Amino acid sequence: MYKILYRHFLSQFFENDLVAPQGELRSGVTGILAFIAMPGLILPLWMMGKYSSLISFLRMQRFVDRDAATWSDKIVYLTLALVIPALAMLLKWDSIFPTRLDHSILAPMPLRLSRILLAKAAALGSFVALFALAVNAGATILFPLVVLGDTGTLWDALRYIAAHFLATMALSLCACTFLIALQGIGLTTLGLERFRGISAAIQFTILTALLTLFLLCPSLSNLARKLHTLPQAEWLPPFWFLGLYEVLLGKADAAYRALAATALQALAICCVTAVVTYALSYRRHFRRIPETLERGSSFAAPVWDRLERFAGRFIKDRRRLGLLLFVLQTFIRSHTHRLLFGVFLALANAVILNDVLTLVLTTNRETDIVLSAPLIVSFFLLTGFRFLYEIPADLPAHWLFRIAAPGRPITFHKLMLAFVLLLTTPINFLLLPVNDALLHSAYCGLLAVVLGEALFVGYQKIPFTCTFGAAKWNVTYSLFIWFLIFILYTWVAIRVELYLGASPVAFAAAYALLAAVAFWLHRYRNQLWDEDPALRFYDGQAPTVQTLDLNG
2 MYKILYRHFL
12 SQFFENDLVA
22 PQGELRSGVT
32 GILAFIAMPG
42 LILPLWMMGK
52 YSSLISFLRM
62 QRFVDRDAAT
72 WSDKIVYLTL
82 ALVIPALAML
92 LKWDSIFPTR
102 LDHSILAPMP
112 LRLSRILLAK
122 AAALGSFVAL
132 FALAVNAGAT
142 ILFPLVVLGD
152 TGTLWDALRY
162 IAAHFLATMA
172 LSLCACTFLI
182 ALQGIGLTTL
192 GLERFRGISA
202 AIQFTILTAL
212 LTLFLLCPSL
222 SNLARKLHTL
232 PQAEWLPPFW
242 FLGLYEVLLG
252 KADAAYRALA
262 ATALQALAIC
272 CVTAVVTYAL
282 SYRRHFRRIP
292 ETLERGSSFA
302 APVWDRLERF
312 AGRFIKDRRR
322 LGLLLFVLQT
332 FIRSHTHRLL
342 FGVFLALANA
352 VILNDVLTLV
362 LTTNRETDIV
372 LSAPLIVSFF
382 LLTGFRFLYE
392 IPADLPAHWL
402 FRIAAPGRPI
412 TFHKLMLAFV
422 LLLTTPINFL
432 LLPVNDALLH
442 SAYCGLLAVV
452 LGEALFVGYQ
462 KIPFTCTFGA
472 AKWNVTYSLF
482 IWFLIFILYT
492 WVAIRVELYL
502 GASPVAFAAA
512 YALLAAVAFW
522 LHRYRNQLWD
532 EDPALRFYDG
542 QAPTVQTLDL
552 NG
């Protein structure tokens with residue numbers, strides 16, 4: 002029975018709600034694990050030139066301080082060891098403790114709660130270990146061999162491999178047990194109802210912090226030589242475990258020994274707290290599940306009534322009005338959509354915080370960093386909305402839209418653009434003088450309109466009602482393309498604005514060009530619909546025999 006429970010809980014961690022019911026739920030897991038393992042395999046090979054004796058000789062570098070040179074690279078691996086497993090845990094935040102479905106199935110069975118607890122804990126540990134091994138295993142073997150090259154013995158290589166493995170895995174364990182302990186303390190002290198009220202805010206804050214740390218990794222890496230002796234290192238967990246790394250290698254100075262002591266204390270506190278609070282809160286939470294109510298929308302019925310009356314003044318078609326309310330309530334009620342939208346918001350916050358902290362660390366005052374802040378926010382908001390539109394809310398219920406859908410696709414991208422402009426315009430007036438803020442707001446607004454129109458070219462669906470073809474996505478290719486678009490939309494666009502700012506005529510021409518591009522995209526989108534006026538409810542080719550799936 003224990004093995005059955007273990008497999009059941011482990012499968013829950015890999016389930017997702019993003020694909021069609023007939024899809025393969027674990028189709029993307031292998032690809033994700035392979036993707037996060039790539040840095041550990043590629044980075045050591047890319048760093049080979051840094052540690053090669055032959056290349057150093059050809060560059061006429063007679064002396065290479067290998068130990069100091071490795072500090073910046075070790076910070077990269079330690080940051081990955083912290084961020085990746087912690088992100089995996091954070092995205093499964095609500096699966097750490099038992100759900101109502103678990104209680105409904107397991108409570109009537111003749112099972113001891115301790116057995117259920119052990120099976121859940123073992124499955125959680127396996128889930129964390131899988132991601133930790135994926136991100137750390139490659140570099141554990143390759144990085145020590147690249148660093149030592151032909152300068153060390155077999156014993157040196159084995160000690161280096163052991164030190165890298167222990168330091169990175171200890172940091173991954175510390176990060177994950179911290180999240181478990183945090184949730185356990187919250188449930189134990191506040192109770193389920195109160196903790197639910199702040200859980201989303203905690204999740205969003207930690208997500209932003211992790212993404213900010215990931216984006217700060219290059220800056221921290223470049224400053225590793227001097228930063229480890231400064232008080233700021235005491236606030237950065239990767240530097241704690243860099244100290245542990247150096248102690249295990251037997252090459253630590255006084256500063257690194259102090260950081261290693263901090264690392265061991267943090268690891269012990271997190272592990273003990275996680276074990277104790279997890280056991281206590283699990284028992285308490287499992288027994289009280291029947292007493293708690295499932296919360297729906299946080300908006301009261303009168304709020305929805307007022308919103309419907311207000312929207313009805315502008316939208317006369319009742320079907321369009323119903324779809325608008327459906328879209329809004331999906332964002333508010335669906336945990337999956339709230340979580341994914343939180344990821345995009347956290348990315349925007351992380352990029353901006355990274356720019357601000359980079360300014361502080363490098364004492365740089367570049368204007369383009371200030372100007373790019375509203376564009377960064379608008380990029381992640383618009384692409385976030387567009388991506389979420391592809392995620393189905395409840396596929397077995399989309400037969401209603403197939404029967405009573407309006408004659409044209411409903412995107413509500415104008416509503417999204419209005420929300421983005423209302424959010425980003427105040428940022429410009431906070432960061433810039435009034436005249437510059439007006440010009441930059443108009444420039445950012447036109448860029449947002451162009452991006453919004455481009456994102457919905459060929460979109461012939463109703464939001465949240467189409468199957469999601471996750472299995473056919475090429476993650477690496479998609480991320481590369483979106484990274485290029487992000488660079489064009491933010492960095493390149495700001496450079497163009499600064500270049501044209503000296504000439505009012507050229508600036509006015511740029512405004513006119515952006516407006517013309519937005520108008521052309523709008524007409525082209527309508528033209529595509531006129532050529533093929535059919536709403537899509539399947540990602541890819543629709544089934545030959547389409548059913549309403551009323552029994553699903």
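Per the numbering used here, the sequence shown starts with residue 2, numbered consecutively.
Where is the CB? At the ideal position from N, CA and C, for every residue including glycine.
Because the structure is a prediction, the values reported are computed rather than measured.
Per DSSP, reduced to three states, the secondary structure at Asp68 is helical. Rounded to the nearest whole angstrom, the C-alpha separation of Leu322 and Leu341 is 25 Å. Here DSSP, grouped into helix, strand and coil, assigns Ile316 to coil. Per DSSP, Thr100 lies in no alpha helix (DSSP H) segment and is marked neither H nor E.
In this structure Phe98 is not in contact with Leu183, their Cβ atoms being roughly 12 Å apart against a cut-off of 8 Å. The segment 77-88 makes contact with the segment 236-245: 3 or more CB pairs, one atom from each, lie closer than 8 Å. By alpha-carbon distance to Leu211, the top candidate from Leu91, Gly185, Ala255, Glu532 is Leu91.
Annotation: Pro534 to Phe520 spans about 21 Å, alpha carbon to alpha carbon. Going by C-alpha positions, Phe327 is about 49 Å away from Asn223. When Asp68, Ala312, Ala256, Ile482 are compared, the shortest CA-CA separation from Gly153 is found for Asp68.
Per DSSP, the continuous alpha helix (DSSP H) segment holding Arg289 begins and ends at 255-289. Taking each of Ala171, Arg101, Cys177 in turn and checking the Cα distance to Ala122, the smallest one comes out for Cys177. Take the alpha-carbon of Cys272 and the one of Thr278: they are about 10 Å apart. Counted as a single uninterrupted DSSP element, the alpha helix (DSSP H) harbouring Cys445 occupies residues 435-456. Selection Arg289, Ala38, Leu422, Gly313 evaluated against Ile142 yields Ala38 as nearest (Cα-Cα). For Asp531, the secondary structure class from DSSP, reduced to helix, strand or coil, is helix. Going by DSSP, Tyr3 is part of the alpha helix (DSSP H) stretching over 3-15.
Residue burial annotation: Val136 is buried, with at least 16 other C-beta atoms found within 10 angstroms of its C-beta. Residues of the same chain with a CB within less than 8 Å of the CB of Val129, apart from the 5 flanking positions on each side, are Pro86, Ala89, Met90, Ser173, Leu174, Cys177 in chain order. One Cα belongs to Phe166, the other to Gly198, and the distance between them is close to 38 Å. CA-CA distance, Val77 to Met49, rounds to 15 Å. By the Cβ neighbour-count rule, Lys227 is exposed, with fewer than 16 other Cβ atoms within 10 Å of its own. In the assembly as shown, Phe315 is an exposed residue. Its beta-carbon has fewer than 16 other beta-carbons within 10 Å. Contact between the segment 437-448 and the segment 419-429 is present: 3 or more CB-CB pairs across the two stretches fall below 8 Å. Put simply, of Lys75, Leu514, Arg537 the residue whose alpha carbon is nearest the alpha carbon of Pro219 is Lys75. Taking all protein chains shown into account, Asn355 has 16 or more neighbouring C-beta atoms within 10 Å of its C-beta and is therefore buried. Annotated three-state conformation of Tyr460 is coil, per DSSP. With respect to the C-alpha of Tyr161, the residue from Ser115, Ile207, Leu231, Tyr246 having the closest C-alpha is Tyr246. Under the 10 Å beta carbon count, Ala264 is surrounded by 16 or more other beta carbons and is classified as buried. For Leu489, there is no enclosing alpha helix (DSSP H), as DSSP marks it with neither H nor E.
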